[in-house]
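Worksheet: the structure to be examined is printed underneath.
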Amino acid sequence: MRTIKFLLQKEFRQIFRNRAILMLILVMPVMQLIILPLAADYEIKNINLSVVDHDHSPYSRQLISKVTASGYFRLQGYHASLKAAYGFIEQDRADLVLEIPQGFERNLVREGEQPLFIAINAINGAKAGLGGAYLADIIRDYNQDIRVAQVEPTRFGTSPSIEVVTSNRFNPLLNYQFFMVPGILAILLTMVGGFLSALNIVKEKEVGTIEQINVTPIKKHHFILGKLIPFWILGNVVFTLGLLVSWIIYGIFPQGNILAMYGFVWVYLLAVLGFGLLISTYTDTQQQAMFIMFFFMMVFILMGGLFTSIDSMPGWAQVLSALNPVSYLVEVMRMIILKGSGWAAILPHLGAILGFAVVLNGWAIWNYRKIR
Amino acid sequence: MECFTNWHGEQKEGIKMKQFATFVKKEFFHVLRDRRTLLILIGMPIAQILIFGFALTNEVKNAQIAVIDQAKDRASQHLINRIAASSYFEIQEDVLDRDRMETAFRAGGIKLALIFPANFGNDLAHQNHAQVQVIADASDPNSATTLTNYVSSIIRDYQMELNEQVALPYQITPQIRMLYNPQLKGAPNFVPGVIALVLMLVSVMMTAISIVREKETGTMEVLLVSPFKPVWVILSKAVPYLLLSLVNVLSIVLMSVFVLQIPVEGSWLLLFAESALFIVTCLTLGIFISIKTKTQQVAMLVSLMGMLLPTVMFSGFMFPIENMPVFLQWISNIVPAKWFYSIVKSIMIKGVGMEGVWKETLILCGITVFLFVVSLKSFKIRLE
Chain A
16 MRTIKFLLQK EFRQIFRNRA ILMLILVMPV MQLIILPLAA DYEIKNINLS VVDHDHSPYS
76 RQLISKVTAS GYFRLQGYHA SLKAAYGFIE QDRADLVLEI PQGFERNLVR EGEQPLFIAI
136 NAINGAKAGL GGAYLADIIR DYNQDIRVAQ VEPTRFGTSP SIEVVTSNRF NPLLNYQFFM
196 VPGILAILLT MVGGFLSALN IVKEKEVGTI EQINVTPIKK HHFILGKLIP FWILGNVVFT
256 LGLLVSWIIY GIFPQGNILA MYGFVWVYLL AVLGFGLLIS TYTDTQQQAM FIMFFFMMVF
316 ILMGGLFTSI DSMPGWAQVL SALNPVSYLV EVMRMIILKG SGWAAILPHL GAILGFAVVL
376 NGWAIWNYRK IR
Chain B
513 MECFTNWHGE QKEGIKMKQF ATFVKKEFFH VLRDRRTLLI LIGMPIAQIL IFGFALTNEV
573 KNAQIAVIDQ AKDRASQHLI NRIAASSYFE IQEDVLDRDR METAFRAGGI KLALIFPANF
633 GNDLAHQNHA QVQVIADASD PNSATTLTNY VSSIIRDYQM ELNEQVALPY QITPQIRMLY
693 NPQLKGAPNF VPGVIALVLM LVSVMMTAIS IVREKETGTM EVLLVSPFKP VWVILSKAVP
753 YLLLSLVNVL SIVLMSVFVL QIPVEGSWLL LFAESALFIV TCLTLGIFIS IKTKTQQVAM
813 LVSLMGMLLP TVMFSGFMFP IENMPVFLQW ISNIVPAKWF YSIVKSIMIK GVGMEGVWKE
873 TLILCGITVF LFVVSLKSFK IRLE
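Order-wise, the sequence lines are chains A and B. Just so we're aligned, residue 16 is where the first sequence starts under my numbering, counting upward by one. Just so we're aligned, residue 513 is where the second sequence starts under my numbering, counting upward by one.
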């Protein structure tokens, strides 16, 4: 115990001595947590619309005003030809072109049927799909209005209709920040823990101080513990700061068991720190450690289920994500903060992370021993 | 020294070039000697583009849903079969009542539940009006809206079919055409984004760290007392990384064309020229960071922790920039990856030429010049 106490004293002194790093790991996550969720609004709105109206009839004008009044579309301008409108799409000034053919009103009344032409910039497939669906909905509504105006309602009122009643659980107003804030906090926590621990032992190697520690009677697990504990404490500080920020700024307070959340984060930090240490035992220079950690961090973060859904990934990627600690943390944070879950619901996740922690730390200690 | 060069003014340039070449050679040795790092630097972008290119998509597929059928009649069965047949949904067979549904929602087992009331088919047949309840897990608002939309459109299709016997007057049929990406895949949107992201982070980090490293190990001092101008010392450090990054661009683009099947619609030459410009921007940013920081740890924390998430979010490939508050839209303008993403998207997917990307190109040039001048101003020849 005494050895660990002295080691901790040394580590803490080194951490507090380097003010730049301390500021970075405390201030940067908080800043990002304050700013980034504001940028993460995925709601499909503000679809830029270009209109090519060949008809210029009351009907076509009604349709256009109905589309622009819906709130999803922003009218960017009228074009004389489809080609000019495509140019707008090419320059990214329009996402969607609505072309109303000549004689739209006349032919609709005479022949009872008319096509409308819609072209969508589909590079972002999800946005295009939803945009198209919204527009089709509006056109259908408009179609219904015309029928009501033209024909007595009884003639088609007999057709069967199914009403879809939707409700949104856990986040009825579809507030995107409720979704992003816990996720971003999870990622920041992972980065703080992972990067710091990955760099630490390898720095001692690079500077040469590890030799001095090797000739002292310090036990290996004492040394590793001495490295883990300070970062574990720092990780908890960052996490608590993050929770405060999301409560004060975004009004997000965990609905579920806070103790369960902390319990999970404690084990999670052990796993992430263990991973950092493992990398640090395999590399010779800080540069190598950084690049390797960077690689894994990017994979963990982008595939962690925060930005894109894991269910939509191909099978092999879903298997990979079972090995990705970030995906567990993101899910647990959402479960506890938004859905109000408790110990029972997170138990499988906790078990998995505990497994990670044991394996990674065990591996790190074993490999560190081998170098000696 | 001054008068020596004045006397031999013509030789001055020659000597300078030779010195520069020597320094560049030295840097190449540095990079090539550390095989492990070199392997990481070349292999990493390839691995990342492959993983992200295949796995990142905002398409919704195989979402787990629950169906609670209290009606169990022909109409409800018909609809359930339809939903089961679509690739968007996977029905969880074991969630059959509201209690189970509640637990499944909480545990994250299902994303959406569909509830048919007991007299669904009856209502539909006799009153011509029936209700279906759709409950979505909106803790992820995006997938909630998308899934709800898919379910509604399947139900609407079914309803249209029921209506087919009754010919409707005044029918407007929208013909929708999806440009550039008819199958609405995720890759055409994500691949250019990942290219910008990976290139940016790798280039910035490489330069930032390698220069700070010399500061930290003390060899910078040796370089600074050499008769060579310090600016050239720094520039010579950037040359090997410029070449390395160009190799990375080539491998990344080849991967996206041949493995991810995203062809380059526009000019390859233009794509490479723009990439080279973007790399220079990133290297300059790396140099700037390295001048401002003292240790590798700080340089790394700044270039990774400080830049990873902001680059992901502000480059526009994950979240639409037009939805952001105005001051964040301003911030997004100083993120080089945003402009490069737009360039790559235009050249690779839309196939436009210089006339479509000159604005972005000019902005990247501007950012580079700005960073270079600021770095030059804040570069200190003397160590503290």
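A virtual CB, placed ideally from N, CA and C, is assigned to each residue, including glycine.
beta-carbon residue i near the ligand ZN non-hydrogen atom, thresh 7 Å
i                     : result
residue 53 of chain A : The ligand ZN is not among the ligands present in this structure, which contains no ligands whatsoever.
Own chain residues within Cβ distance below 6 Å of residue i, not counting five before or after
i                      : result
residue 749 of chain B : 539 and 723
residue 388 of chain A : Chain A is shown from 16 up to 387; residue 388 of chain A falls before or after that span and cannot be answered.
residue 698 of chain B : 569, 570 and 571
residue 807 of chain B : 728
residue 773 of chain B : none
residue 464 of chain B : Residue 464 of chain B lies beyond the residue range present for chain B, which begins at 513 and ends at 896; the question has no answer from this structure.
Pick from the options that is closest to residue i, judged by C-alpha positions
i                      : options                       : result
residue 892 of chain B : B:804, B:865, B:528 and B:870 : B:804
residue 884 of chain B : B:812, B:818, B:850 and B:801 : B:801
residue 717 of chain B : B:807, B:786, B:812 and B:661 : B:812
residue 693 of chain B : A:294, A:143 and A:186        : A:143
residue 127 of chain A : A:341, A:165 and A:114        : A:165
residue 757 of chain B : B:830, B:835, B:785 and B:857 : B:785
residue 815 of chain B : A:306, A:319 and A:318        : A:306
residue 320 of chain A : A:141, A:199, A:50 and A:273  : A:199
residue 630 of chain B : B:642, B:735, B:674 and B:701 : B:642
residue 711 of chain B : B:862, B:790, B:637 and B:657 : B:790
residue 104 of chain A : B:691, B:684, B:566 and B:561 : B:691
residue 39 of chain A  : A:218, A:223, A:253 and A:325 : A:253
residue 299 of chain A : A:77, A:352 and A:225         : A:225
Cβ neighbours of residue i in the same chain (closer than 8 Å, five flanking residues each side left out)
i                      : result
residue 518 of chain B : Confidence at residue 518 of chain B is low in this model, with a pLDDT of 47, below 50, so the placement of that residue should be treated as unreliable; the coordinate-derived value is given next. Correct list: empty, nothing qualifies.
residue 600 of chain B : 572, 573, 574, 575, 659 and 662
residue 86 of chain A  : 60
residue 124 of chain A : 165
residue 516 of chain B : Low per-residue confidence applies at residue 516 of chain B: pLDDT is 45, beneath 50, and the placement is therefore not dependable enough to give any value.
residue 30 of chain A  : 36, 37, 245 and 249
residue 513 of chain B : Note that residue 513 of chain B scores 41 on pLDDT, short of 50, meaning its location in the model is unreliable; the coordinates nonetheless yield the value given after this. Cβ within range, chain order: 739.
residue 623 of chain B : 575, 576, 577, 648, 649, 652, 655, 656 and 659
Host beta strand (DSSP E) of residue i (start-end)
i                      : result
residue 389 of chain A : A question about residue 389 of chain A goes unanswered here, because the residues of chain A that appear run from 16 up to 387.
residue 137 of chain A : Per DSSP, residue 137 of chain A belongs to no beta strand (DSSP E) and is neither H nor E.
residue 65 of chain A  : 62-68
residue 301 of chain A : Not the beta strand (DSSP E): residue 301 of chain A falls in the alpha helix (DSSP H), residues 301-317.
residue 606 of chain B : Segment: none, residue 606 of chain B is in no beta strand (DSSP E) and carries neither H nor E.
residue 682 of chain B : No beta strand (DSSP E) contains residue 682 of chain B, which DSSP labels as neither H nor E.
residue 625 of chain B : 624-628
residue 115 of chain A : 111-115
Close Cβ partners of residue i (< 7 Å) along its chain, the five nearest in sequence each way excluded
i                      : result
residue 865 of chain B : 778, 779 and 782
residue 268 of chain A : 262
residue 334 of chain A : none
residue 108 of chain A : 63 and 91
Opening and closing residue of the alpha helix (DSSP H) in which residue i lies
i                      : result
residue 35 of chain A  : 34-54
residue 77 of chain A  : 73-84
residue 571 of chain B : Segment: none, residue 571 of chain B is in no alpha helix (DSSP H) and carries neither H nor E.
residue 210 of chain A : 191-222
residue 268 of chain A : Looking at the DSSP string, residue 268 of chain A is not in any alpha helix (DSSP H), and its letter there is neither H nor E.
residue 639 of chain B : It is not in any alpha helix (DSSP H) - residue 639 of chain B carries neither H nor E in the DSSP assignment.
residue 620 of chain B : Segment: none, residue 620 of chain B is in no alpha helix (DSSP H) and carries neither H nor E.
residue 349 of chain A : 340-352
residue 119 of chain A : 119-126
- Against chain B: residues of the stretch 188-202 of chain A by CB proximity under 8 Å: 189, 190, 191, 193, 194, 199 and 202
- Query: Using a Cβ cut-off of 8 Å, which residues of the stretch 140-152 of chain A contact any Cβ in chain B, in chain order?
  - Reply: 140, 141, 142, 143, 144, 145, 147, 148, 150 and 151
- Taking only runs that begin and end inside the stretch 818-871 of chain B, name each unbroken beta strand (DSSP E) of 3 or more residues, in chain order. none
- Task: Select from the stretch 579-590 of chain B all residues with a C-beta closer than 8 Å to any C-beta belonging to chain A, and list them in chain order.
- Result: none
- Task: Please list the residues of the stretch 770-803 of chain B that have a C-beta atom closer than 9 Å to any C-beta atom in chain A, keeping them in chain order.
- Result: none
- Task: Return the residues of the stretch 539-567 of chain B that lie within a Cβ-Cβ distance of less than 8 Å from chain A, sorted by chain order.
- Result: 546, 548, 549, 552, 553, 556, 559, 560, 563, 564, 566 and 567
- Query: When you check each C-beta in the stretch 324-356 of chain A against every C-beta of chain B, which residues fall closer than 7 Å?
  - Reply: 324, 326, 327, 328, 329, 332, 346, 349, 350, 353, 354 and 356
- Please name the residues in the stretch 105-135 of chain A whose beta-carbon is closer than 8 Å to at least one beta-carbon of chain B, in chain order. 105, 106, 107, 123, 124, 127, 128, 129, 130, 131, 132, 133, 134 and 135
- Which of the residues in the stretch 866-883 of chain B, read from start to end, lie with their CB under 7 Å from any CB of chain A? 868
- Task: Output, in sequence order along the chain, the residues in the stretch 51-82 of chain A whose CB is closer than 9 Å to any CB in chain B.
- Result: 51, 53, 54, 55, 56, 57, 58, 59, 60, 61, 63 and 78
- Task: Pull out every residue of the stretch 18-39 of chain A whose Cβ sits closer than 9 Å to any Cβ of chain B, in chain order.
- Result: 33, 35, 36 and 39
- Message: In chain order, what are the residue ranges of uninterrupted alpha helix (DSSP H) at least 4 long that sit wholly in the stretch 695-782 of chain B?
- Response: 699-729, 731-736 and 742-770
- Using a Cβ cut-off of 9 Å, which residues of the stretch 602-620 of chain B contact any Cβ in chain A, in chain order? 602, 615, 617, 618, 619 and 620
- Uninterrupted beta strand (DSSP E) stretches inside the stretch 531-596 of chain B (no shorter than 3 residues): 575-581
- Query: Using a beta-carbon distance cut-off of less than 7 Å, what residues from the stretch 629-646 of chain B approach chain A?
  - Reply: 636, 640, 641, 642, 643, 644, 645 and 646
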